[in-house]
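What follows is a set of notes on a single structure, which appears directly below.
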Amino acid sequence: QLFRVRFTREVEAARAVSGFYTAAVVDADPRAAVPWLATAYVPAPSLEEIVNECGPLPANAVRWLAAGVAEALESIHGAGLVHRDLKPSNVLVMHDGPRVIDFGIASGVSNTRLTMTNVAVGTPAYMSPEQAKDSRSVTGASDIFSLGSTLVFAATGHAPFHGA
10 QLFRVRFTRE VEAARAVSGF YTAAVVDADP RAAVPWLATA YVPAPSLEEI
60 VNECGPLPAN AVRWLAAGVA EALESIHGAG LVHRDLKPSN VLVMHDGPRV
110 IDFGIASGVS NTRLTMTNVA VGTPAYMSPE QAKDSRSVTG ASDIFSLGST
160 LVFAATGHAP FHGA
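Just so you know, we're using the numbering used here here: the sequence shown kicks off at 10 and counts up by one.
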């Protein structure tokens with residue numbers, strides 16, 4: 010039951026976001042016997058795959074990546090959502106710009122019903138301090154922190170807090 014509620018929230022979140030730098034929802038049925046969600050196919054590797062295979066990106070590529078992901082976050086936040094798990098594996102890199110994917114733990118800015126106190130939701134190496142402390146208190150600023158952490162990975166090949 011809780012899975013279905015969370016999945017329905019993911020579908021609603023993904024449908025609310027539109028923008029060039031995000032993967033659009035094509036269709037979904039959260040009430041099906043096996044709930045499903047289909048997004049536009051993005052034929053691209055993740056930032057994590059690219060950096061792990063080719064090494065850190067040059068400065069101009071990091072700037073290009075930063076601009077696209079920042080625009081994606083503008084679309085996400087404009088829909089009243091906080092992504093809460095921005096990280097290199099959730100950024101697909103196309104020839105015409107990055108795409109932010111995976112709204113599985115996105116939440117409405119004022120919607121905290123399904124997040125428990127003192128439970129960190131996200132990927133520790135990329136999350137903001139306030140998100141690590143209490144996932145209910147996150148705002149779009151937490152996503153911006155995660156963007157910075159993701160860009161550190163792109164530029165260096167290492168998460169900034171990999172020892173945390």
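Glycine included, every Cβ here is placed at the ideal spot set by N, Cα and C.
State the start and end residues of the unbroken beta strand (DSSP E) segment that holds Arg108. Taking the sequence shown and counting its residues from 1, one reaches residue 108 at position 99. Arg108 -> beta strand (DSSP E) spans Gly106 to Val109.
Taking only three categories from DSSP, how would you classify Ser27? Mapped onto the sequence shown, residue 27 falls at position 18. Here DSSP, grouped into helix, strand and coil, assigns Ser27 to coil.
For Asp36, the nearest candidate out of Arg24, Ala42 and Phe29 (CA to CA): The residue labelled residue 36 in the question sits at position 27 within the sequence shown. Of Arg24, Ala42 and Phe29, the residue nearest in Cα terms is Arg24.
Counting C-beta neighbours from all protein chains within 10 Å, is the total for Gln10 16 or more, i.e. buried, or is it exposed? Numbered from its first residue, the sequence shown carries residue 10 at position 1. Exposed: under 16 other Cβ atoms inside 10 Å.
Looking at the structure shown, is Thr132 part of a helix, part of a strand, or coil, going by DSSP? Locating residue 132 in the sequence shown gives position 123, where the first residue counts as 1. Here DSSP, grouped into helix, strand and coil, assigns Thr132 to coil.
Tell me the rounded alpha-carbon separation between Pro39 and Glu19. Within the sequence shown, the letter at position 30 stands for residue 39. Within the sequence shown, the letter at position 10 stands for residue 19. Distance between the alpha carbons of Pro39 and Glu19 is about 9 Å.
In angstroms with no decimal places, state the Cα-to-Cα distance between Ala41 and Arg13. Numbered from 1 along the sequence shown, position 32 holds the residue referred to as residue 41. Numbered from 1 along the sequence shown, position 4 holds the residue referred to as residue 13. Our two residues, Ala41 and Arg13, have alpha carbons roughly 10 Å apart in a direct line.
Return the bridge partner residues of Leu101 from the DSSP annotation. Counting from 1 along the sequence shown, the entry for residue 101 is found at position 92. Leu101 pairs with Ser55 and Arg108.
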